[in-house]
Each structure stands twice: as structure tokens, then as C-alpha cells.
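Residue numbers (our numbering): 172 to 477.
Some notes on the structure that comes next.
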Amino acid sequence: MKRLATLLISLSLLLSLVACGGESTPSNAGTASVSASSGELSENESVEESKGEKEVTFEEITVVDNEQCLIKITGIEPDNMWGYTLKTYLENKSADKTFMFSIDSAAINGVQADPFFATEVAAGKKSNEEISFSDSNLSANGIDDFTDIELSFRVYDSNDWSADSVARETVHVYPFGEESATAFVRENQSTDTVVVDNDSATVIVTGYSEDSIWGYTVNLYLINKTDKELTYSVDEASVNGFMADPFWASSVSAGKVAFASMSWSTSDFEENDITTVEEIEMKLRIYNSDDWSADDIFNETVTLNP
172 MKRLATLLIS LSLLLSLVAC GGESTPSNAG TASVSASSGE LSENESVEES KGEKEVTFEE
232 ITVVDNEQCL IKITGIEPDN MWGYTLKTYL ENKSADKTFM FSIDSAAING VQADPFFATE
292 VAAGKKSNEE ISFSDSNLSA NGIDDFTDIE LSFRVYDSND WSADSVARET VHVYPFGEES
352 ATAFVRENQS TDTVVVDNDS ATVIVTGYSE DSIWGYTVNL YLINKTDKEL TYSVDEASVN
412 GFMADPFWAS SVSAGKVAFA SMSWSTSDFE ENDITTVEEI EMKLRIYNSD DWSADDIFNE
472 TVTLNP
């Protein structure tokens, strides 16, 4: 009992000290909350931001508001545990249809990113959701400040994919104001291997790596110079003369760039006794994602020598 009483007294004293010294509470250090209405930081503003770092300013954005649905972006959480996050409010105004709210494409500072966002809302219901970006390629390539977040929303009947979309809308979110928006520019590296570079597309091998999960990986930088979505794919791939297909394809939206990874499973290498990659040969194809009858932008066999 004495131990319990002592513990309770100690805890009371600790809580009193915390209440009196709120300005130095360790749990609040380095955090900042964003006001959706005023765009001002709360009193929990971090020390770094108070010393002149960029301040996030944001006002609620109505993306879609028609007879069938409503989409609002209501807030920003740069340090959410799932990655850079946008708070969203969704509303299905239909009386009898379940709608799927999805994002067809997204980009950060002009670099394609996928938040893997899709959620159903039943007829007449509402939902508060989060759109989070956790793509490690962004930070790995120096994209830490999200100055221009582009989102292309699509809303459609979950039970009738052949029906016309209820809404399609693209919106830009500028966390530091539109005047501060920047477009990512990648500097060429001496280790780059340019595989394709024509008027419509560029493919650059930026390096090779061994991944414990994905296996042997070729890292790529893709550029789409057209006003159409392009698909990049490979077929008839071989490693050191042994057929080994990475089953890789990647789509890049019009005018965007993207980081991508082409990987081979460890089992593919083990089955063919491949311990060192000397040559990769593959048929690389680039084509219009929405028009399979159109001429290929590129369709040739390429060889890589890591």
C-alpha cells in the first residue's frame, strides 16, 4: 500500500510539473497542426518552422460538387504515420447507388506518385478519408517539399463499371501557395544509361540493386513528353542468356516523369545458377495506353551490361 501511495503522489507531482511547463513538453516538440480554414499553424508550431522554414498554408478545397457527389480536401498532415497525407471529405448524394471514389493518377512536383486511394461510399452516406503518399522514391530522390500535389479524381457506380463516370476532376493542391510551386528536375548522372530518348519518351537506367524482398532490381527514370498516357513494358527478357521475365510494366501520365523498378525474383536466379548479372536482354515497348491500334512509340530489343 505504501508503494502504491508513493507512486500516486509521484505521478501527481509529475502531472503538475507538465501542466505548469507546457511550453517545453517533449511530446509536442517538432509537431505542427494545420488549420484548414485559416491556414495558420497552431500553438504547437515546431522550433524549426518558427525559425523560418516553409510554413504550410491551406484553405479547404471543393473538388467536385454536383447532383451526385461531393469531394472536399479539408486539411494537410505532412507528418502522418502513413506518409504525407491529405484529409478528404466524401459524400454520395445518390439515393440508391454505391459510388467508388478513386484517384486515377497523382503527381508530386510533376513526378508521378500513387497514393493507392479508392473507397466506396454507400447511397446517401458520407465519409472522412485520407490520401497518403508513402512512396520512398520521392524522398530518395530529394523530393521532400511537396509544393504541387496534382490529383485526378474519378467517381463511378461500384456495381456498373460500364456506366459513365459520375465525376472526373483534376485538382492541384499548393501547400506553400501556387507561387511557390516547383517542378522536379533530375540532374544527369555519370552512371546513367540512356536506353531511349526520342521526341515522345525517355528511359534511363539509373542503377542496379539487390533487394531482399524484390530480388535483383533495375532502377529506371521514365519521361513522358506527350499529351497522352504512355505504357512502358518488356517482353522476351533474358539474364545471362537464360529466359527470365520480370513481368514489368509501368504507365506514366501525360507530361509526367516517374521512378520505376524492374525486378527479378531470387528463385529465377537460383533456378538458372545466376550469381552475377553480366547481361540483360529484353524487348522494350512504349505505346499509347488508351489506343492499342496506334503505332508504338518504341519497340526494340535493348541490351544492358550492369
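Virtual Cβ for every residue (Gly too), placed ideally from N, Cα, C.
Keep in mind it's a predicted model, so treat the numbers as computed, not measured.
Cα-Cα separation between residue i and residue j, rounded to whole angstroms
i    : j    : result
D236 : I242 : 7 Å
A277 : A293 : 25 Å
E442 : N459 : 35 Å
E238 : F469 : 44 Å
N312 : T290 : 30 Å
S336 : S307 : 32 Å
D316 : L391 : 22 Å
K225 : N280 : 16 Å
T256 : A429 : 20 Å
S351 : D416 : 43 Å
A284 : F304 : 7 Å
A420 : Y403 : 5 Å
D328 : I394 : 33 Å
V473 : A465 : 22 Å
Inter-residue CB distance, residue i and residue j (contact presumed, cutoff 8 Å)
i    : j    : result
I244 : V234 : 6 Å
Q360 : T373 : Q360 to T373, Cβ: 14 Å. No contact.
M271 : V326 : 7 Å
With 16 other Cβ atoms within 10 Å as the buried cut-off, status of residue i
i    : result
D398 : exposed
S221 : Residue confidence is low: S221 scores 36 on pLDDT, short of 50, so the model does not pin down where it sits. No coordinate-derived value is stated.
E262 : buried
E471 : exposed
A319 : Rather than Ala, the amino acid found at residue 319 in this sequence is Asp. Looking at its Cβ environment, which holds 16 or more other Cβ atoms inside 10 Å, D319 is buried.
A431 : buried
Residue-chain proximity (residue i, chain C), Cβ-Cβ < 8 Å
i    : result
D306 : The structure shown contains no chain C; it is built from a single protein chain.
task = Specify whether the stretch 369-376 and the stretch 340-350 touch according to this definition: at least 3 beta carbon pairs, one from each stretch, less than 8 Å apart.
result = no
message = Does the stretch 435-449 come into contact with the stretch 376-389, if we say contact requires no fewer than three beta-carbon pairs (one atom in each stretch) closer than 8 Å?
response = yes
key: Ordered list of alpha helix (DSSP H) runs contained in the stretch 288-331, each at least 4 residues   = 307-311
task = Please determine if the stretch 407-425 and the stretch 273-291 are in contact, where contact requires at least 3 C-beta pairs separated by less than 8 Å.
result = yes
key: Three CB pairs or more closer than 8 Å across the stretch 343-361 and the stretch 401-413   = no
task = Any chance you could list the beta strand (DSSP E) runs of at least 3 consecutive residues sitting entirely within the stretch 411-446, in chain order?
result = 420-423 and 428-435
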